[in-house]
Amino acid sequence: MANFILRKAEPKDVSDILRLIKELAKFEEMEEQVVLTEKELLEDGFGDHPFYHCVVAEVPKDKQSVEGYTVVGFAMYYFTYDPWIGKLLYLEDFYVMTEFRGYGIGSEILKMLSETAVKTRCSGMHFIVAEWNTSSIEFYKRRGAADLSHEEGWRLYEIDKCNLIKMSSK
Amino acid sequence: MKFNICAAKPEDCKDIARMIMELAVYEKMPDQVKISYKELEKDGFGPNPFYQCLVAEVPEEHKSKDGHTKVGYALFFYTYSTWKGRTVYMEDLYVMPEYRGKGMGKALMATVAKVAKEQHCVRLQFSVLDWNKPSLDFYLSKGAEDLTAKEGWHFLRFHGIALDNLAQEAP
């Protein structure tokens, strides 16, 4: 099946995007952590100040999934800043439904994103991957990605809302 | 010692670039710094800012031995979690060694947290080098969690030639 298109997400896509977000979270064994709603996705992605950009993969109606979906993959990204090298493209989520894998959809999405990164003069594309996710790590390494946690020792830290409130009120 | 935390202005970029280099030296990667104060000015103070920055300033009578009054900074931007929504990512936090222990690092981070709250962000994320014990202790004391240890996240990157090669494969 070579028949699919990649396009910029539109407001009408938020329900498909949320569905795919939850599918990816389930694969990452953290489905219960998804608290985002369609309303927030709409406001945060298509309002006055978009917090993210999104690309979706769509198949024709005659190739729809078993449940009847035609939006079968997505990538969500935004621009970040490295004080050493400048603008970066940060890939937050990247997912293709299981039944639509092996047709080159993932590769095409990644190529489209890297083109966007080069066109907008980004010095690199960054993202995180869970260390047990060997098939994804292999997919990225085959395409030239470097593991900065391994090579340079970077570890990801987080301060949650509760501790943020404590800190900001001192 | 009295100090002030305020939003950076375009004229602060030379001081910020100086401190970015000091932090890179501390992180043992000074050769990786490729941008100057000019890019910082364009990228932070144009019509579409790619980052926000706070500066810690001391009065003239407390200036550094090299004559600087801008002695610390925090550089951050907004990111997005598909699970939880709006997030602040703190890219750099730095206070010059001679000004440490006076509450400036804490004040800079608390101000980032305040901005995060005002923008309805649900969390603050940042990364730390695994050998950087003083910073790790500082962050852990403020309630930070190591997500690399807890959930196994690793940072990956497509950079330079690898990025160009990937883009050239596009149809």
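Listed in order, the protein sequences are those of chains A and B.
Residue 45 in our numbering sits at position 45 of the first sequence, and the numbers go up by one each step.
Count along the second sequence from 1, then add 1000; that gives the number in our numbering.
Glycine included, C-beta positions come from ideal geometry on N, C-alpha and C.
All of these numbers come straight from a predicted model, not from anything done at the bench.
Go to Ala1107 of chain B, then tell me how far its alpha helix (DSSP H) extends in each direction, as first and last residue.
1104-1118
Determine, for Ala1024 of chain B, whether the minimum Cβ-Cβ distance to residues of chain A falls below 8 Å.
yes
Would Ala1107 of chain B and Leu164 of chain A qualify as a contact pair, given that the criterion is a beta-carbon distance under 8 Å?
no
Could you pull out every residue in the same chain whose Cβ sits closer than 8 Å to the Cβ of Lys1065 of chain B, ignoring the five residues on either side in sequence?
For Lys1065 of chain B, where only same-chain residues beyond five positions count, the Cβ hits under 8 Å are Glu1098.
Own chain partners of Arg1123 of chain B with C-beta closer than 6 Å, once the 5 adjacent residues on each side are dropped
Thr1087
Ignoring anything shorter than 3 residues, give me the beta strand (DSSP E) runs that lie fully in the segment 87-149 of chain A, in order along the chain.
124-130
Secondary structure of Met1029 of chain B, DSSP reduced to three states:
coil
Pairing CB atoms from the segment 139-152 of chain A with CB atoms from the segment 1007-1023 of chain B, are three or more of them under 8 Å?
no
Anticipated Cβ contact below 8 Å, Thr1082 of chain B with Leu36 of chain A, distance rounded
6 Å
Any contact between the segment 123-130 of chain A and the segment 72-91 of chain A? By contact I mean 3 or more CB pairs, one from each, below 8 Å.
Yes, the segment 123-130 of chain A touches the segment 72-91 of chain A.
Under the rule that 16 or more other beta-carbon atoms within 10 Å means buried, what is Ala1007 of chain B, buried or exposed?
exposed
First and last residue of the beta strand (DSSP E) that includes Thr1148 of chain B?
Per DSSP, Thr1148 of chain B belongs to no beta strand (DSSP E); it is in the alpha helix (DSSP H), 1147-1151.
Leu1166 of chain B versus Phe1138 of chain B: straight-line alpha-carbon distance, rounded:
39 Å
For the alpha helix (DSSP H) holding Phe1138 of chain B, just list the boundary residues, first then last.
Looking at the DSSP string, the run of the alpha helix (DSSP H) that includes Phe1138 of chain B is 1133-1141.
Interface partners of Val56 of chain A on chain B, CB under 8 Å
Neighbours of Val56 of chain A on chain B: none; closest Cβ ~13 Å, over 8 Å.
7 Å Cβ shell around Leu1040 of chain B - same chain, five flanking residues per side excluded:
The beta carbon of Leu1040 of chain B sits closer than 7 Å to those of Cys1013, Ile1016, Ala1017, all from its chain and outside the five residues before and after it, given in chain order.
I'd like to know whether the C-beta atoms of Ala25 of chain A and Ala1162 of chain B end up nearer to each other than 8 Å.
Note that the C-beta distance between Ala25 of chain A and Ala1162 of chain B is not below 8 Å.
So, using beta-carbon positions, are Ile1020 of chain B and Pro83 of chain A closer together than 8 Å?
yes
For Gly73 of chain A, would you say it is in contact with chain B, using Cβ-to-Cβ distances shorter than 8 Å as the test?
no
Answer with yes or no whether the minimum CB distance from Gln64 of chain A to chain B is below 8 Å.
no
Sort B:Pro1047, B:Lys1084, B:Arg1100 by Cα distance to Tyr1073 of chain B and report the nearest one.
B:Arg1100
Under the three-state reduction of DSSP, which class applies to Ile85 of chain A: helix, strand or coil?
coil
With a CB to CB cut of under 8 Å and the five nearest residues on each side skipped, what residues in its chain are close to Met97 of chain A?
Leu20, Glu23, Ser65, Tyr69, Val72, Gly73
CB contact below 8 Å: Tyr998 of chain B versus chain A
Residue coverage of chain B in this structure runs from 1001 to 1171, which leaves residue 998 of chain B outside it and unanswerable.
Kindly say whether Phe1158 of chain B, judged by its beta-carbon, lies nearer than 8 Å to any beta-carbon of chain A.
yes
By the three-class DSSP mapping on this structure, what secondary structure does His1187 of chain B have?
The first residue shown for chain B is 1001 and the last is 1171, placing residue 1187 of chain B beyond what the model contains.
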